[in-house]
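Our numbering puts the last residue of the sequence shown at 210; the count rises by one with no breaks. We put the beta carbon where it would ideally sit given N, CA and C, even for glycine. If you're wondering where the values come from, they're calculated on a predicted model, not measured in any experiment.
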Amino acid sequence: MNEELVEKVEELILLPKEWPWFEFKENWYEPVQLGEYISALANSAAFEDEPYAYFVWGVNNETHEVVGTTFDFRQDYQKCPLETFLASGLDPDVNFRFEEIDVRRKRVVVLKIPKADKFIVSFKGRRFFRIGSSKVDLVNYPEREMALMDVIRNGYPTLDNTES
């Protein structure tokens, strides 16, 4: 699994910019916003027809240079393990997973997030989405929310599942 994840990070680094289904950070840590990112990335992965979304620590957001990270996903937040805090705020449950890998001899942490399936993913009652590389609250974008619901309900639009 780690080799596949290293290959995926290398693939993402080669892209000219972030896409709605992945995010790069160096040592950033803000638990509530991270929960919002999980919602946004899961929903955007569904909308973009990607099986997973990725939040990657240890890669510079602008240059995509692998710089390594000191981010520790095993830390507590409000006297609770970070993973538990995040999981308790997500609805429906999202089987996200943190992985620590070496990329170009640097420590990188990857949060692998399955795409939204059956329902839009919310965090603490709010549904998030990515427009470009920006995280937004779907309450402000009802047309995009309806389009996302349609993709989740009917699958990514193809010639086979779209009316002519």
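Going residue by residue through the region 143-192, where are the continuous beta strand (DSSP E) segments of at least 3 residues, counting only ones entirely within it?
The qualifying runs are 143-149, 152-160, 172-177, 180-183.
Per-residue DSSP class, three states only, for residue 127
Residue 127 falls in the strand class under three-state DSSP.
In or out: residue 66 buried (at least 16 other Cβ within 10 Å) or exposed?
So residue 66 counts as buried.
Can you check whether the C-beta of residue 54 is within less than 9 Å of a C-beta belonging to chain C?
Absent here is chain C; the protein component of the structure consists of one chain.
What separation, rounded to the nearest whole angstrom, lies between the Cα atoms of residue 180 and residue 154?
So the alpha carbons of these two residues sit roughly 22 Å apart.
Cα separation between residue 103 and residue 201?
About 30 Å.
Integer Cβ distance of residue 91 from residue 164, believed to fall under 8 Å:
Not really, about 14 Å apart at Cβ, beyond 8 Å.
Could you check if residue 149 is buried or exposed, using at least 16 other CB atoms within 10 Å of its CB as the buried criterion?
It counts as buried.
Please state if the CB of residue 131 and the CB of residue 265 are separated by a distance shorter than 9 Å.
This structure cannot settle anything about residue 265, because the visible part of the chain is limited to 47 through 210.
Leaving out five residues before and five after residue 144 in sequence, what residues of the same chain have Cβ atoms less than 6 Å from its Cβ?
In its chain, beyond the 5 residues on either side, 119, 157 have a beta carbon closer than 6 Å to the beta carbon of residue 144.
Taking DSSP's pairing of strands, which residues face residue 122 in a bridge?
When DSSP reads this structure, residue 122 sits in a beta bridge with 127.
Ends of the alpha helix (DSSP H) at residue 69?
Residue 69 -> not in any alpha helix (DSSP H); beta strand (DSSP E) instead, spanning 68-71.
Alpha carbons only, please: which of 55, 53, 82 is nearest the one belonging to residue 176?
Answer by Cα proximity: 82.
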